[in-house]
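Visitor: Input: one structure, supplied below.
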Amino acid sequence: MKVEKLVEIINSDFYTGVPDSQLKALCNYLMNTYGIDPKHHIIAANEGNCTALAAGYHLATGKVPVVYMQNSGEGNIINPVASLLNDKVYAIPVVFVVGWRGEPGVHDEPQHIYQGEVTVKLLEDMDIKTFVIGKETTDEEVAAAMEAFRSVLAAGKDVAFVIRKSALSYDEKVVYKNDNTMVREEIIQHIVKASGEDPIVSTTGKASRELFETRVANGQSHKYDFLTVGSMGHSSSIALGVAINKPETRVWCVDGDGAVLMHMGSMAVLGANKPKNMIHVVINNGAHETVGGMPTVAGNIDLVAVAKACGYPYAVSVDSFEKLDAELEAAKNRGCLSLIEVKCSIGARDDLGRPTTTALENKQNFMDYLKTL
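Quick note: the numbering used here has the sequence shown finishing at residue 710, numbered continuously throughout.
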């Protein structure tokens, strides 16, 4: 169905969410219609933030907000749905629009398989009434579902439209770009060169795919890398766990701005623990590029200042390969927790592949390598 029709049927004037490729039509529509507008559309750091923000909107206006998200974000909404929105607590009505990655019977990446299996059940277990929209679903069926939902919302309960692959369409294009010149895949190539045989923990999305392909192009083993294919925002904590337990080994984390924002509290824990053997590289393009390119707030905040405030002994931002190479080498010899923010352009090559090893193979190869260190 046309996304404009879905928006008309839901009839809300406030949307907040975390972008999802399955919801690209909705995301692009919102950016074309509102851009980033505090009164109508906010891209939040994680889905729990969205849920709380939506609750605040309802408290102030009495109206029903919309939270959009990928189903992988269901874990982030469980607490605020159960202890804030639920009708046994504050009875705050929200319409969730959930992209269904990993739907049973539909090919998808390994990190989405189990989440896809439990997507609808998780929503129902949280007492969220659901309606699934597929390519064959008619406008009339969606309108009827929304009409049935209105009494549910009036009772202070929550509802969800679960969106199957290619169910929504939008004719207008949106081009996301910034003024940075460094390309992420080349940045990763420089990191790989500097890291040598050190272990690397890389964030979800295109960064891990590009790291995998860099190893292939170099004829190198994948044993050095833990590719965090899911669990967005947690790669730096994984790296911290490795660094603490391998104190004589230098450990790198290749992170992204959207991931850092999603669970920024991990930076405070990193700063408090100050692992001397960890280097945290944040590739910042100010965008959720892997799921379409919608902006994050990372272009408007000072990540270096955040890192220093969290207790990182050293933090720096670079915008050229000359500066990057110098900082990578300096970090190796500094002997303290370091953050290097790398300002990056938006975009990746069209033929970028995906890892050809399984997640379990990646884990085992990485663990076997760590045993030798």
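C-beta: ideal position from N, C-alpha, C; glycine also. These figures come from a predicted structure and were not determined experimentally.
According to the neighbour-count rule (16 or more other Cβ atoms, all chains shown, within 10 Å of its Cβ), is Q701 buried or exposed?
Guide: Stepping through the sequence shown from its first residue, residue 701 is reached at position 364. Exposed.
Visitor: Among A492, G629, L676 and S568, which one has its Cα closest to the Cα of Y651?
Guide: Counting from 1 along the sequence shown, the entry for residue 651 is found at position 314. Checking every option, the nearest Cα to that of Y651 belongs to L676.
Visitor: According to the Cβ coordinates, are T586 and T565 closer than 7 Å?
Guide: Taking the first residue of the sequence shown as 1, we reach residue 586 at position 249. Taking the first residue of the sequence shown as 1, we reach residue 565 at position 228. No, they are not a contact pair.
Visitor: Please confirm whether P441 and A696 have their CB atoms less than 7 Å apart.
Guide: The residue you call residue 441 lines up with position 104 of the sequence shown. The residue you call residue 696 lines up with position 359 of the sequence shown. No, the pair does not count as a contact, with Cβ atoms beyond the cut-off.
Visitor: Look at the Cβ atom of M631, then the Cβ atom of P356, and state whether they are nearer than 7 Å.
Guide: Walking along the sequence shown from the start, residue 631 turns up at place 294. Walking along the sequence shown from the start, residue 356 turns up at place 19. In this structure, P356 lies closer than 7 Å to M631 by Cβ.
Visitor: Going along the chain, which unbroken runs of the alpha helix (DSSP H) with 4 or more residues stay wholly within the segment 438 to 480?
Guide: 447 to 462
Visitor: Can you tell me which of the three DSSP states N348 falls into?
Guide: Within the sequence shown, the letter at position 11 stands for residue 348. Note: N348 maps to coil in three-state DSSP.
Visitor: Under 7 Å between the Cβ atoms of E411 and L363?
Guide: Within the sequence shown, numbered from 1, the residue matching residue 411 stands at position 74. Within the sequence shown, numbered from 1, the residue matching residue 363 stands at position 26. No; because the gap between Cβ atoms is not below 7 Å, this pair is not in contact.
Visitor: Tell me, to the nearest whole angstrom, how far the beta carbon of V432 is from that of I347; I am working on the premise that it is less than 8 Å.
Guide: Within the sequence shown, numbered from 1, the residue matching residue 432 stands at position 95. Within the sequence shown, numbered from 1, the residue matching residue 347 stands at position 10. Contact check for V432 and I347: beta-carbon distance about 6 Å, within the 8 Å limit, so the pair qualifies.
Visitor: Less than 7 Å between the C-beta atoms of M604 and C673, yes or no?
Guide: Here residue 604 is taken as the residue at index 267 of the sequence shown, counted from 1. Here residue 673 is taken as the residue at index 336 of the sequence shown, counted from 1. Not in contact: M604 and C673 (Cβ atoms no closer than 7 Å).
Visitor: Could you tell me which residues DSSP puts in a beta bridge with D562?
Guide: If you number the sequence shown from 1, residue 562 lands on position 225. In the DSSP assignment, the residues bridged to D562 are I537.
Visitor: For my contact list, S499 and V435 are in at a C-beta cut-off of 8 Å; report their separation, rounded to the angstrom.
Guide: Mapped onto the sequence shown, residue 499 falls at position 162. Mapped onto the sequence shown, residue 435 falls at position 98. A small correction: the amino acid at residue 499 is Val; Ser does not occupy that position in the sequence shown. So it is a contact: roughly 5 Å between Cβ atoms.
Visitor: In the DSSP output, what is E678 paired with across the bridge?
Guide: Here residue 678 corresponds to residue number 341 of the sequence shown, with the count starting at 1. Paired residues: V619 and S654.
Visitor: According to DSSP, what are the bridge partners of G385?
Guide: Taking the sequence shown and counting its residues from 1, the one referred to as residue 385 is at position 48. In the DSSP assignment, G385 is bridged to no other residue.
Visitor: Please say whether G593 and A544 have beta carbons closer to each other than 7 Å?
Guide: Numbered from its first residue, the sequence shown carries residue 544 at position 207. Numbered from its first residue, the sequence shown carries residue 593 at position 256. Yes, the pair counts as a contact, with Cβ atoms nearer than the cut-off.
Visitor: Please return the same chain residues whose Cβ sits closer than 6 Å to the Cβ of N413, not counting the five positions on each side in sequence.
Guide: Here residue 413 corresponds to residue number 76 of the sequence shown, with the count starting at 1. Result list for N413: N383, E384 and G385, in chain order.
Visitor: Look at the Cβ atom of R691, then the Cβ atom of R546, and state whether they are nearer than 7 Å.
Guide: Position 354 of the sequence shown holds residue 691. Position 209 of the sequence shown holds residue 546. Yes. Within cutoff.
Visitor: Can you grab the Cα-Cα spacing for the pair G542 / G629, in whole Å?
Guide: For the purposes of this step, residue 542 is identified with residue 205 of the sequence shown, where counting begins at 1. For the purposes of this step, residue 629 is identified with residue 292 of the sequence shown, where counting begins at 1. Cα to Cα, the separation comes out at about 11 Å.
Visitor: Is the segment 571 to 585 close to the segment 548 to 561, with three or more CB pairs under 8 Å?
Guide: no
Visitor: Looking only at its chain, what residues have a beta carbon closer than 8 Å to the beta carbon of L710, apart from the 5 residues adjacent to it on each side?
Guide: Within the sequence shown, numbered from 1, the residue matching residue 710 stands at position 373. For L710, where only same-chain residues beyond five positions count, the Cβ hits under 8 Å are P536, K583, E585 and T586.
Visitor: Closest to L661 by C-alpha separation, out of V641, L548 and I524, would be which residue?
Guide: Within the sequence shown, numbered from 1, the residue matching residue 661 stands at position 324. Of the candidates V641, L548 and I524, the one whose C-alpha sits nearest the C-alpha of L661 is I524.
Visitor: Roughly how many angstroms separate the alpha carbons of L573 and L396, rounded to a whole number?
Guide: As a first step, residue 573 is located in the sequence shown; it is residue number 236 there, counting from the start. As a first step, residue 396 is located in the sequence shown; it is residue number 59 there, counting from the start. It is worth fixing the name first, because residue 573 is Ser in this sequence and not Leu. The straight-line gap separating the alpha-carbon atoms of S573 and L396 is approximately 35 Å.
Visitor: Can you give the Cα-Cα distance for E478 and N517, rounded to whole angstroms?
Guide: Along the sequence shown, read from residue 1 onward, the residue named residue 478 stands at position 141. Along the sequence shown, read from residue 1 onward, the residue named residue 517 stands at position 180. Each residue's Cα considered, the two are about 45 Å apart.
Visitor: Could you compute how far the alpha carbon of E659 sits from the alpha carbon of V653?
Guide: Stepping through the sequence shown from its first residue, residue 659 is reached at position 322. Stepping through the sequence shown from its first residue, residue 653 is reached at position 316. Near 14 Å, if we compare the C-alpha coordinates of V653 and E659.
Visitor: Please list the terminal residues of the continuous beta strand (DSSP E) segment that includes A492.
Guide: What you label residue 492 is simply residue 155 of the sequence shown in a count that begins at 1. Element bounds for A492: n/a, residue is neither H nor E.
Visitor: Let me know the secondary structure DSSP gives T353 once reduced to three states.
Guide: Within the sequence shown, numbered from 1, the residue matching residue 353 stands at position 16. T353: strand per DSSP, three-state reduction.
Visitor: Which term fits K621, buried or exposed, when burial requires 16 or more other beta carbons within 10 angstroms of its beta carbon?
Guide: Mapped onto the sequence shown, residue 621 falls at position 284. First, the amino acid is wrong: residue 621 is Asn here, not Lys. N621 comes out buried.
Visitor: Alpha carbons only, please: which of L665, F549 and T633 is nearest the one belonging to W589?
Guide: On the sequence shown, residue 589 is found 252 positions in, with the first residue counted as 1. Comparing Cα-Cα distances from W589 to each of L665, F549 and T633, the minimum goes to L665.
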